[in-house]
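Here is the structure we will look at, set down as structure tokens.
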Amino acid sequence: SCPNGYQLWRGICYKVFNTGKPFNEAAATCRKYGGTLAMPRDAETNAFLISLYTSIREDASLFYIGLQDQREEGRFEWADGSALGEYNSWAQGEPDGRGDCVSSGASYWSGKWYNFYCYNSLRFIC
1 SCPNGYQLWR GICYKVFNTG KPFNEAAATC RKYGGTLAMP RDAETNAFLI
51 SLYTSIREDA SLFYIGLQDQ REEGRFEWAD GSALGEYNSW AQGEPDGRGD
101 CVSSGASYWS GKWYNFYCYN SLRFIC
């Protein structure tokens, strides 16, 4: 089972943080609670995160996922340091090299991933 406010999915506990933070602060918040930013490594997990986020926010706001290329431009890695791998949900024209952090969203973002500047304050999922 998961701590209060967290939702269990495939053996991992997830929580939407409804306060905007820059990427590195969001990642630090997740670490403080013993986790990482969410890593949707397959379509099912990606869809789960979108529905979880939608249950908290019905608007078209974006949220951070645990994917970035801050270390080396164009080489995306997950919050645990592993490489992006086979699955991705990039929106058309993404990644466009603008910003090193990755966001997603429901509504008209339709679960696609967008390159985003890491200093932007976004909500996030741990």
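In terms of the UniProt record's numbering, the sequence shown opens at residue 1 and continues consecutively.
Beta carbons: idealized from backbone N, C-alpha and C, even for Gly.
DSSP three-state assignment for residue i, whether helix, strand or coil
i     : result
Lys15 : coil
Glu77 : strand
Beta-carbon spacing of residue i, residue j below 9 Å
i      : j     : result
Ser103 : Phe63 : yes
Cys118 : Gly35 : no
Through-space distance from residue j to residue i, alpha-carbon basis
i      : j     : result
Asp59  : Gly81 : 31 Å
Phe124 : Glu73 : 22 Å
Cys30  : Ser61 : 20 Å
Residue i versus the options, residue with shortest Cα-Cα distance
i      : options                       : result
Ser51  : Ser107, Ala79, Trp113, Tyr119 : Ser107
Asp100 : Asp69, Gly20, Ser121, Phe48   : Asp69
Ala28  : Tyr114, Glu94, Ile65          : Ile65
Trp113 : Leu122, Pro95, Asn24          : Pro95
Residue i, buried or exposed, once every other Cβ within 10 Å from all chains shown has been counted against 16
i     : result
Asn18 : exposed
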